[in-house]
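Here's the structure, in structure tokens; my notes come after.
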Amino acid sequence: MILFWGSVWGLTEATLGYLIHLAALPIPGLPGLLMFPVAFFFMKKAYDAGGKMWAVFYAAAVAAAIKLTDLFLPGLTPIFVVNPAVAIILEGLAVGLIMHYRSVPEKKLSYLEVLAMPLLWRAVFLCDQYIISQLGLPAGLVTNGPAVALKFLLWESLINSLLIYAFLSKPFAIRVKFVEIKPAYACLALLIALGVQRLV
Numbered sequence: 002m003i004l005f006w007g008s009v010w011g012l013t014e015a016t017l018g019y020l021i022h023l024a025a026l027p028i029p030g031l032p033g034l035l036m037f038p039v040a041f042f043f044m045k046k047a048y049d050a051g052g053k054m055w056a057v058f059y060a061a062a063v064a065a066a067i068k069l070t071d072l073f074l075p076g077l078t079p080i081f082v083v084n085p086a087v088a089i090i091l092e093g094l095a096v097g098l099i100m101h102y103r104s105v106p107e108k109k110l111s112y113l114e115v116l117a118m119p120l121l122w123r124a125v126f127l128c129d130q131y132i133i134s135q136l137g138l139p140a141g142l143v144t145n146g147p148a149v150a151l152k153f154l155l156w157e158s159l160i161n162s163l164l165i166y167a168f169l170s171k172p173f174a175i176r177v178k179f180v181e182i183k184p185a186y187a188c189l190a191l192l193i194a195l196g197v198q199r200l201v
């Protein structure tokens, strides 16, 4: 189950993510507003399937590993492949931690808990970007001025949290029923995700 959701997450990053990044040409900032809420859907499914915070992290690790296969493509600067993979891992850690340590596990996530998820991973990612900027690597989030960093941390976290909370709240909750997910389906999803990632 974890392999399946991680693979579908990676596939979505490669397909829907690609389209959203194209749409960002006329609408700057669109990926930052939409991609984490999309990722949350798959992390929530992984958590529901595994019941533990590590299920979210393992799903994130699968999605990040799929992303890292771009390192084998010629002509790509490694840091532009590694950065999104790091972001995926941090997303998984943030969501897993909040899901594990939330105040009332049996109840729906509160808005503050939802807001903490994007704030947490984005704050850590900014620290990571600062470190790599000191190594002379490209890190526009911290080298293009404080307004860029604050937009990434505060504005995008706010929109992320509102979209996620709307998804979790009635009557807007999206309920999707799936057939029983067998290991073969998970392996197939992984192979498809790897293939699409290499093509996009």
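Numbering (the working numbering), first residue to last: 2 to 201.
We treat Cβ as the ideally placed atom computed from N, Cα and C, and that holds for glycine.
1. Please report the straight-line C-alpha distance between A15 and P85, rounded to a whole angstrom.
2. If you drop the 5 nearest sequence neighbours on each side, which residues of the same chain put their C-beta closer than 8 Å to that of G137?
3. Mind the definition here: the stretch 92-112 touches the stretch 145-161 only if three or more C-beta pairs lie below 8 Å; say whether that holds.
4. So A60 and M44 are supposed to be a Cβ contact under 8 Å. How far apart are they, rounded?
5. What residue range does the alpha helix (DSSP H) around M54 cover?
6. On the DSSP letters alone, give me the boundaries of the alpha helix (DSSP H) that I28 sits inside.
7. In the DSSP assignment, find the unbroken alpha helix (DSSP H) run with L142 in it and report its ends.
8. Run through DSSP, which three-state label would G18 get?
9. Check whether the Cβ atoms of A47 and I90 lie closer than 8 Å to each other.
10. Closest to A1 by C-alpha separation, out of S162, Q130, Y166 and Q135, would be which residue?
11. Would you call V9 buried or exposed, if buried means 16 or more other Cβ atoms sit within 10 Å of its Cβ?
12. If you draw a straight line from the alpha carbon of S1 to that of L26, how long is it in whole angstroms?
13. Taking the alpha helix (DSSP H) that W122 belongs to, which residues open and close that run?
14. Which value, in whole angstroms, describes the spacing of the CA atoms of D71 and G18?
15. Give me the residue from G7, L31, A24 and T78 with the minimum Cα distance to W156.
16. Could you give the DSSP three-state label for A174: helix, strand or coil?
17. I'd like the span of the alpha helix (DSSP H) that includes M100, first residue to last.
18. When we look at the beta-carbon of Y166 and count the other beta-carbons within 10 Å, is it buried (16 or more) or exposed?
19. Less than 8 Å separating the beta-carbons of K68 and G33?
Taking the structure as given:
1. 11 Å
2. none
3. no
4. 6 Å
5. Looking at the DSSP string, the run of the alpha helix (DSSP H) that includes M54 is M54 to L69.
6. Element bounds for I28: n/a, residue is neither H nor E.
7. G141 to T144
8. helix
9. no
10. Here the chain comprises residues numbered 2 to 201, so residue 1 is not present and cannot be evaluated.
11. buried
12. Any question about residue 1 goes unanswered here, given that the chain covers just 2 to 201.
13. Y112 to Q135
14. 14 Å
15. L31
16. Note that A174 scores a pLDDT of 48, beneath 50, so its modelled location is shaky and nothing firm can be said.
17. P79 to Y102
18. buried
19. no
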